[in-house]
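Chains as they are written, first to last, in the UniProt record's numbering: chain A, 1 to 336; chain B, 1 to 392.
Shown next, in structure tokens, is the structure this report addresses.
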């Protein structure tokens with residue numbers, strides 16, 4: 001029984017939160033890594049693209065809710081997601097037409113494009129705040145829990161509860177689906193293959209008749225899909241607030257770089273590595289240890305490796321270590 | 001000619017003895033991080049001054065002029081220079097200020113004590129100022145943050161909560177409050193199972209909540225902000241079933257908390273500065289449309305200026321070395337209670353040799369080294385609303 005309790009505590013406070021947070025990071029890192037791999041610059045506007053996509057989806061969600069449309073027990077936001085993606089993709093294509101295209105034509109250096117994306121980030125930052133405001137917005141409806149801590153205790157008779165939120169379940173499922181579809185697209189379809197070719201060697205790709213503008217457009221659309229999905233899932237799981245998306249940018253980039261920028265598999269692994277290291281290294285193992293060990297060995301202290309203050313130091317320490325020993329990331333992406 | 005000079009000198013001396021023009025420094029953070037608050041704080045202090053001037057009752061018809069100085073809130077050198085100028089160049093007889101704890105300490109040590117100048121701060125709340133050397137010159141109208149920690153510990157102990165987990169927002173406010181609470185609570189026999197800081201506006205709080213839950217406790221004390229990291233912590237703690245009830249200090253007692261959690265946090269407790277004294281309401285009436293009377297520290301500023309002038313009246317002198325001993329007397333009982341807008345009445349009672357107990361906008365009651373005891377409103381969440389259970 002004690003063993004089961006220990007397992008439940010671990011799942012409730014470490015495994016489930018880390019897996020869902022890791023999935024959110026992975027989706028964000030995939031978008032960053034894709035833009036880096038194909039367009040060859042670090043897109044700092046990605047965090048605010050997530051905020052923009054989530055904002056549009058929220059506006060549609062509110063409209064649907066007003067009309068009484070619902071797909072309970074699933075959140076209405078899922079129904080609004082395709083519309084959010086469409087608007088975000090349109091916004092990204094326009095941004096490319098008005099901003100990035102100019103620099104691409106002039107064969108600007110990547111660092112210039114990075115600075116341009118910084119500018120785009122600030123503009124999106126402002127646009128989102130003007131439209132929906134800087135405050136916190138809630139748009140979550142439908143069932144909140146797949147299983148709540150109280151119900152779990154009643155069901156199993158264990159003294160520890162296990163909570164599994166529907167938003168967490170949804171995050172994990174949607175991440176799995178998007179990753180599967182993305183890999184299928186990149187490896188099996190003609191457009192996907194042409195994107196990979198363009199990423200590997202731009203000149204050769206051009207010579208073999210690949211239309212670069214089409215590759216760029218498709219890349220932006222996929223980035224919009226990933227960003228909006230990640231943004232909405234994050235907003236459903238926690239809450240929508242423009243500033244937190246800006247803050248999300250750092251762990252997302254850490255995940256993408258740890259995995260290897262430009263490598264989609266690395267982005268996913270990086271997301272989970274960052275999430276798990278943040279949660280496990282700062283977790284106080286007292287409760288788990290008390291259940292697992294005989295009474296005489298049970299710890300008096302918290303059995304905490306690092307105080308939670310160091311949570312962010314953990315992910316960046318991993319980033320630094322990876323960059324020192326494997327400069328191209330764990331999964332060999334492009335040089336940073 | 002000589003006669004004329006003598007005569008005019010004599011009249012000057014005579015008028016100086018009876019009525020004078022007293023300058024009062026208003027040294028607040030007019031630029032810098034709290035510049036938006038400083039507007040109404042300055043207005044509050046100057047309102048008390050003009051009220052006294054209209055009454056004409058201060059020291060046989062003396063008038064008071066406010067001289068503003070900028071304490072910047074963060075730049076101790078600039079604040080010190082501004083205070084220096086107020087005293088040496090403008091010749092002020094007392095200072096309402098400074099506005100932030102750090103610069104207030106600097107001005108007190110570098111300017112006020114060497115010059116023997118009385119300072120009453122309307123907004124410095126750092127516990128460190130309680131024990132600062134002040135030669136009896138420094139007072140403050142808001143309570144020290146240490147006070148809220150004690151009140152918090154009292155509330156929890158009275159409810160029989162003897163072990164809590166504690167999380168605070170990682171800044172001076174959160175850390176100061178958490179430290180003072182932990183000390184007070186442990187002195188009363190309570191146990192703090194874990195003290196974990198959290199950063200505001202971060203993406204994920206599962207690590208923090210995991211650690212807090214593992215340490216356990218009857219209640220989770222969240223010394224944070226309702227619309228920032230604090231609500232993220234509460235959300236994650238509720239969802240994982242780690243804690244059902246919480247204790248909310250002032251930063252969390254807000255509509256944001258109610259809007260986000262409603263009856264999910266029923267049974268939680270909290271406290272925030274506030275009193276059932278009618279002073280706040282009277283203050284709002286007196287202010288009218290001049291500025292926002294509920295603006296933070298506006299009432300404290302009014303009270304700080306009023307106290308200086310009442311102390312002058314009680315001492316019968318505008319000399320800081322003389323009236324500094326009267327500040328405590330006019331602030332505390334016994335005597336007639338003086339509300340905002342009744343400064344004229346207070347001055348008259350003092351002129352006749354009577355006693356007053358200045359209540360003012362914020363129910364001023366000085367303790368210890370001359371700081372406000374602070375009044376706190378104790379609340380509990382019932383049916384998804386904060387209900388007031390009492391004042392302490």
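Beta carbons are placed, not taken as given, at the ideal position from N, Cα and C, and that holds for glycine.
Contact check for residue 225 of chain A against residue 137 of chain A fails: the beta carbons are separated by 7 Å or more. The CB of residue 233 of chain B never comes closer than 7 Å to any CB in chain A; the least such distance is about 11 Å.
Taking residue 387 of chain B as the centre and dropping the five residues before and after it, the same chain places the C-beta of 379, 380 closer than 7 Å to its C-beta, in chain order. The way I'd put it, the region 194-207 of chain B does touch the region 268-288 of chain A; three or more beta-carbon pairs between them come closer than 8 Å. Counting only unbroken stretches of 3 or more residues, the beta strand (DSSP E) elements lying wholly within the region 309-361 of chain B are 336-338, 356-358, in sequence order. Three or more Cβ pairs drawn from the region 215-232 of chain A and the region 49-56 of chain A lie within less than 8 Å of each other, which places the two stretches in contact. Looking at the backbone, the Cα of residue 94 of chain A and that of residue 49 of chain B are separated by about 60 Å.
Residue-level contact by beta carbon holds for residue 194 of chain B and chain A, with a gap shorter than 7 Å. Comparing C-alpha distances from residue 81 of chain A to each of A:199, A:62, A:115 shows the shortest one belongs to A:62.
For residue 213 of chain A, no Cβ of chain B is located within less than 7 Å of the residue's own Cβ. When beta bridges are read from the DSSP output, residue 129 of chain B appears opposite no residue. Nearest neighbour of residue 26 of chain B by Cα position, chosen from B:33, B:313, B:95, B:337, turns out to be B:95.
Residue 47 of chain B has no beta-bridge partner at all, per DSSP.
Note on residue 271 of chain B: 16 or more other CB atoms within 10 angstroms of its CB, so buried under the neighbour-count rule.
The three-state reading of DSSP puts residue 153 of chain A in helix, counting H, G and I together.
Taking a cut-off of 8 Å for Cβ pairs, the region 78-95 of chain B and the region 365-378 of chain B do not touch, as fewer than three such pairs fall below it. Remark: C-beta atoms of residue 330 of chain A and residue 262 of chain A do not approach each other more closely than 7 Å. Chain-order list of chain A residues neighbouring residue 206 of chain B: 13, 14, 16, 17, 18, 20, 21, 275, 278, 279, by C-beta distance under 9 Å. Shown here, residue 124 of chain B sits in coil according to DSSP, grouped into three states, outside any helix or strand. Looking at the backbone, the Cα of residue 71 of chain A and that of residue 231 of chain A are separated by about 20 Å. With respect to chain B, the C-beta atom of residue 286 of chain A has a partner C-beta closer than 7 Å. Annotation: Cβ neighbours of residue 170 of chain B in chain A (cutoff 9 Å, chain order): 309. Judged by DSSP in its simplified three-state form, residue 168 of chain B adopts strand. Here the region 313-320 of chain B makes contact with the region 346-356 of chain B; the two share three or more CB pairs at distances below 8 Å.
For residue 161 of chain A, the nearest CB of chain B lies under 7 Å from its own CB, placing it at the interface with that chain. The continuous beta strand (DSSP E) containing residue 192 of chain B extends over residues 191-198. In this structure, residue 23 of chain B and residue 116 of chain B do not form a Cβ contact; the two beta carbons are roughly 16 Å apart against a cut-off of 8 Å. Within 10 angstroms of the beta-carbon of residue 148 of chain B lie 16 or more other beta-carbons, which makes it buried. Taking 3 residues as the minimum length, the beta strand (DSSP E) runs contained wholly in the region 73-156 of chain B are 95-97, 119-121, 138-143, in order along the chain.
Judged by pairs of C-beta atoms under 8 Å, the region 329-339 of chain B does not touch the region 36-44 of chain B, as fewer than three such pairs exist. Taken in chain order, the region 86-117 of chain A contains no complete beta strand (DSSP E) segment of 3 residues or longer.
Taking every protein chain shown into account, the CB of residue 47 of chain B has 16 or more other CB atoms within 10 angstroms, so this residue is buried. Distance between residue 66 of chain B and residue 286 of chain B, taken at the CA atoms: about 19 Å. Here residue 247 of chain B is buried, its C-beta having at least 16 other C-beta atoms within 10 Å.
Counting only residues of its own chain and dropping the five nearest sequence neighbours on each side, residue 40 of chain A has a CB closer than 6 Å to the CB of 110. Take residue 141 of chain A, set aside five residues on each side of it, and the residues of its chain with a beta-carbon closer than 6 Å to its own are 75, 76, in chain order.
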